[in-house]
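Numbering that gives the first Met the number 0 puts the sequence shown at residues 0 to 187. For glycine and all other residues, C-beta sits at the position ideal for the given N, C-alpha and C. Because the structure is a prediction, the values reported are computed rather than measured. Right, one structure below, let's go through it.
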Amino acid sequence: MSHGQNLRDLLEPLGVYRWEGSFQWGELQGAGAALDGVADHLARTQREMSLATAREEGLTAFQTLLNCRTGSRDTEDLRLALAALLRISGDSFTLSAMNDTLRGCGIPAQVEETGDPLLLQVTFPDTGGMPAEFDELRRIIEGILPCHLLVKYRFMALTWEGLENRFDSWDQVEGEKTTWETLEKLTL
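Structural data, given as structure tokens:
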């Protein structure tokens, strides 16, 4: 029901208005249309204020607030990434919390401790070699991890032993039409 009809229903019991063919009904319809526009705007603002329901400028505002620019993601992935960043607090620097945050941001990396208390090691377990978008991933990872720690990156590389375990012969390697680049990207 429109706000114009609501206004008419409120005034009707007074019995002093003629609705058919009168300017009063036109005025109420005009005022009601303006109120409908305000209600639509408020509903959209309310939707965009919550990370759980935001679709457009709300997500952009959250990204700006968190100084986070993610790649092309669908809306649900972007919500999960922003929620992971919002979960960071003073006690979020345990190993499991850091890995949870990276996973929530859609980063295929894993943080591991080293023997040095000021050094963390980051690996990309399902990626052979250096990821194509490594510079962007590095910027995001180092924005999430504690800034007082040094971060060392380790990349997975295919070894001869791994190659022998994966393929029975060179004929099988050539049969799959692999190149050195595709072999370097294999992980075992």
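1. List the whole-angstrom C-beta distance separating Phe123 from Met155, where the pair is believed to meet the contact cut-off of C-beta under 8 Å.
2. Could you work out which residue in Leu27, Leu64, Gly3, Glu180 is closest to Ala131 when comparing CA atoms only?
3. In the DSSP assignment, find the unbroken beta strand (DSSP E) run with Phe92 in it and report its ends.
4. Applying the 10 Å Cβ sphere with the 16-neighbour rule, what's the burial state of Val37?
5. Measure from the alpha carbon of Lys151 to the alpha carbon of each residue in Gln120, Leu144, Glu163, then state which is nearest.
6. Taking the beta carbon of Val15 as the centre, do at least 16 other beta carbons fall within 10 Å, making it buried, or is it exposed?
7. So within the stretch 45-131, which uninterrupted alpha helix (DSSP H) runs reach at least 4 residues, ignoring any that extend past its ends?
8. Out of Asp125, Gln23, Pro116, Leu117, which has the shortest C-alpha to C-alpha gap to Gln109?
9. Below 8 Å on the Cβ atoms is my contact criterion, and I expect Asp134 with Gly105 to pass it. Report the Cβ-Cβ distance as a whole number of Å.
10. Check this for me: beta carbons of Gly3 and Leu27, under 8 Å apart or not?
11. Pull up the distance between the alpha-carbon of Ile140 and that of Gln62, whole angstroms please.
12. Could you pull the DSSP bridge partners for Leu149 from this structure?
13. Using the DSSP secondary-structure output, state which residues sit across from Met155 in a beta bridge.
14. How many whole angstroms separate the CB atoms of Leu6 and Gly29, which I take to be in contact at a CB cut-off of 8 Å?
Looking at the atomic coordinates:
1. Right, their Cβ atoms sit about 7 Å apart.
2. Closest by alpha carbon: Glu180.
3. From DSSP, Phe92 is part of no beta strand (DSSP E); its letter is neither H nor E.
4. Note on Val37: under 16 other CB atoms within 10 angstroms of its CB, so exposed under the neighbour-count rule.
5. Distance from the Cα of Lys151 is smallest, within the candidate group Gln120, Leu144, Glu163, for Gln120.
6. By the 10 Å Cβ count, Val15 comes out exposed.
7. Runs of the alpha helix (DSSP H) inside the stretch 45-131: 56-64, 74-85, 94-103.
8. Comparing Cα positions, the closest option is Asp125.
9. 16 Å between Cβ atoms; not a contact.
10. Yes, the pair counts as a contact, with Cβ atoms nearer than the cut-off.
11. Using only the alpha carbons, I get a separation of about 15 Å.
12. Here Leu149 is bridged, per DSSP, to Leu118.
13. Gly127.
14. Contact check for Leu6 and Gly29: beta-carbon distance about 10 Å, past the 8 Å limit, so the pair fails to qualify.
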